[in-house]
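*Asks:* Take this structure first; my questions come after.
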Amino acid sequence: MKKTIIKTEKLCKTFSTSGIQQHVLKNLDIHLVEEDFTIIMGSSGSGKSTLLYAISGMDKPTLGDIDFAGKNLSTLNNDQLAVFRRNHCGFVFQQIYLLDNMSVLDNVLASGLLVNKNKRELVKKSKELLKQVGIDESSWFKFPAQLSGGEAQRVGIVRALINSPKILFADEPTGALNSASSERVLDVFTNVNRNGQSVVMVTHDIQTALRGNRILYLRDGVICGDLQLGAYSEKENDERQEKLKHFLAEMGW
């Protein structure tokens, strides 16, 4: 039986603008288990990214508890959260935050050296990961501006994986890519998940969501749907798509 890796209790997030309170997350109780590929969906403003930032320690909840691998994130201060994220979380965003003045390899190493000071070991691991995502040796010493969007995003995934995170978090990672590049990036996520990497991803795209084995649907800060799709299989793509579309229709997508 898979272990629970994240558990929230009565998770709430409220923002105040000009004295008006906006309740974005409302008393969420969530269980996420290791090795799952969890997709978070919902309409614009439903709280998808806010939930991702809360459970990953990027933002603190207003109320409630977040147990992440036995650590209550709600009790940590900002410095402690930064150390926790560095050691246990990997992040991939729609915007690719590679350092422009550093090569592909150095971008990955810069992240790895924050946790592991053994540079020789990190170089070896970085090169292995870059090969796994289809970035060959001829590109390792290029600068980000010399890469396509899809290549840069795959480098971003390697950077997120270099410290062996407990969970790889992604927020619309294919949102700025064309369909071909999106497929290659999604293949990377699928493959790392098959190798045991836990993934939590926010998306509004059906083709992206099909890669997950579990879909959580948010509406107005509340989870109103939870679909188990099972492990991704390209052969069963049509069946999965029909199941997902039916689920989303029920959710009012």
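Residue numbers (the UniProt record's numbering): 1 to 253.
All residues carry an ideal CB built from backbone N, CA and C; glycine is no exception.
Short of 7 Å in beta carbon distance, which residues of its chain neighbour ALA160, apart from the five on each side in sequence? Order them along the chain.
*Replies:* Numbered from 1 along the sequence shown, position 160 holds the residue referred to as residue 160. Excluding sequence neighbours, ALA160 sits near GLY90, PHE91, VAL92, LEU168.
*Asks:* Report the three-state DSSP secondary structure of ALA170 (helix, strand or coil).
*Replies:* Position 170 of the sequence shown, counting from 1, holds the residue named residue 170. Three-state DSSP puts ALA170 in a strand.
*Asks:* The beta strand (DSSP E) that contains SER198, what's its start and end?
*Replies:* As a first step, residue 198 is located in the sequence shown; it is residue number 198 there, counting from the start. That run of the beta strand (DSSP E) goes 198-202.
*Asks:* Quick check: the region 137-150 against the region 71-89, are at least 3 beta-carbon pairs closer than 8 Å?
*Replies:* no
*Asks:* Which term fits ASP36, buried or exposed, when burial requires 16 or more other beta carbons within 10 angstroms of its beta carbon?
*Replies:* Locating residue 36 in the sequence shown gives position 36, where the first residue counts as 1. With 16 or more Cβ atoms within 10 Å of its Cβ, ASP36 is classed as buried.
*Asks:* What are the uninterrupted segments assigned as alpha helix (DSSP H) that are 4 or more residues long and contained completely in the region 51-124, given in chain order?
*Replies:* 78-88, 104-112
*Asks:* Do the region 37-51 and the region 192-202 make contact, defined as three or more Cβ pairs closer than 8 Å?
*Replies:* With a cut-off of 8 Å, the region 192-202 and the region 37-51 count as touching, because enough Cβ pairs lie within range.
*Asks:* Which whole-angstrom value is the C-beta distance of SER111 and ILE162, which I expect to be below 8 Å?
*Replies:* In the sequence shown, the residue the question calls residue 111 occupies position 111. In the sequence shown, the residue the question calls residue 162 occupies position 162. Between ILE162 and SER111 the Cβ distance is about 5 Å, and since that is below 8 Å, they are a contact.
*Asks:* To the nearest angstrom, report how far apart ALA54 and ASN78 are at their CA atoms.
*Replies:* Counted from its first residue, the sequence shown places residue 54 at position 54. Counted from its first residue, the sequence shown places residue 78 at position 78. Computed Cα separation, rounded: 13 Å.
*Asks:* Output the boundary residues of the alpha helix (DSSP H) element that contains GLY156.
*Replies:* Counted from its first residue, the sequence shown places residue 156 at position 156. 149-161 is the span of the alpha helix (DSSP H), which, as asked, contains GLY156.
*Asks:* Thinking C-beta only, is LEU109 closer than 9 Å to LEU122?
*Replies:* Working through the sequence shown from its first residue, we reach residue 122 at position 122. Working through the sequence shown from its first residue, we reach residue 109 at position 109. Yes, Cβ-Cβ distance for LEU122 and LEU109 is below 9 Å.
*Asks:* So, are the CB atoms of LEU177 and ILE206 less than 9 Å apart?
*Replies:* Locating residue 177 in the sequence shown gives position 177, where the first residue counts as 1. Locating residue 206 in the sequence shown gives position 206, where the first residue counts as 1. Cβ atoms of LEU177 and ILE206: not closer than 9 Å.
*Asks:* Rounding to the nearest angstrom, what Cα-Cα distance links ASN213 and LEU32 in this structure?
*Replies:* If you number the sequence shown from 1, residue 213 lands on position 213. If you number the sequence shown from 1, residue 32 lands on position 32. For ASN213 and LEU32, the distance between alpha carbons rounds to 12 Å.
*Asks:* Thinking C-beta only, is PRO165 closer than 9 Å to PHE189?
*Replies:* The sequence position of residue 189 within the sequence shown is 189, counting from 1. The sequence position of residue 165 within the sequence shown is 165, counting from 1. In this structure, PRO165 does not lie closer than 9 Å to PHE189 by Cβ.
*Asks:* In this structure, does DSSP put ILE206 in helix, strand or coil?
*Replies:* Looking up residue 206 in the sequence shown gives position 206. If DSSP states are grouped into helix, strand and coil, ILE206 belongs with the helices.
*Asks:* Measuring CB to CB, does GLN153 end up less than 9 Å from ILE96?
*Replies:* Counting from 1 along the sequence shown, the entry for residue 153 is found at position 153. Counting from 1 along the sequence shown, the entry for residue 96 is found at position 96. Taking 9 Å as the Cβ cut-off, GLN153 and ILE96 qualify as a contacting pair.
*Asks:* What three-state label does DSSP hand SER181 in the structure shown?
*Replies:* Reading the sequence shown from its first residue, position 181 is the one you call residue 181. Of the three classes helix, strand and coil, the one that applies to SER181 here is helix, per DSSP.
*Asks:* Does DSSP put ASP238 in a helix, in a strand, or in coil?
*Replies:* For this step, residue 238 is matched to residue 238 along the sequence shown. Per DSSP, reduced to three states, the secondary structure at ASP238 is helical.
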